[in-house]
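Residue numbers (this note's numbering): 19 to 93.
Where is the CB? At the ideal position from N, CA and C, for every residue including glycine.
Keep in mind that this is a model prediction, so the values were computed, not measured.
Below: the structure, in structure tokens.
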């Protein structure tokens, strides 16, 4: 998804719509940070790993990592 695709979709939502990300195993979490990252496709990634990995290569893709976590975690 590109920033433009996301913006176009967000424009169709009521302004007070909560935006969340999936939790580690179940449920959803608030987005706490927006972090610019550079990524590349991860060749032969197992299904439980992300499709992309961090990259410092010249042809890396600029992306935005939507970071969230359960703020109620007791560790």
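Q) Do the stretch 28 to 37 and the stretch 55 to 64 touch if we need at least three Cβ pairs shorter than 8 Å? A) Contact between the stretch 28 to 37 and the stretch 55 to 64 is absent, because fewer than three Cβ pairs lie under 8 Å.
**Q.** Beta-carbon proximity check, residue 87 vs residue 31, cutoff 9 Å
**A.** No, Cβ-Cβ distance for residue 87 and residue 31 is not below 9 Å.
Q. So, residue 84 versus residue 39, is the Cβ gap smaller than 9 Å?
A. Closer than 9 Å, so yes.
Q) From residue 64 to residue 90, what does the alpha carbon distance come to, in whole angstroms? A) In this structure, the straight-line span from the alpha carbon of residue 64 to that of residue 90 is close to 30 Å.
Q. Can you tell me whether DSSP reads residue 104 as helix, strand or coil?
A. This structure leaves residue 104 out entirely; the chain is present only between 19 and 93.
Q.
In the DSSP output, what is residue 79 paired with across the bridge?
A. In DSSP, residue 79 forms a bridge with 57.
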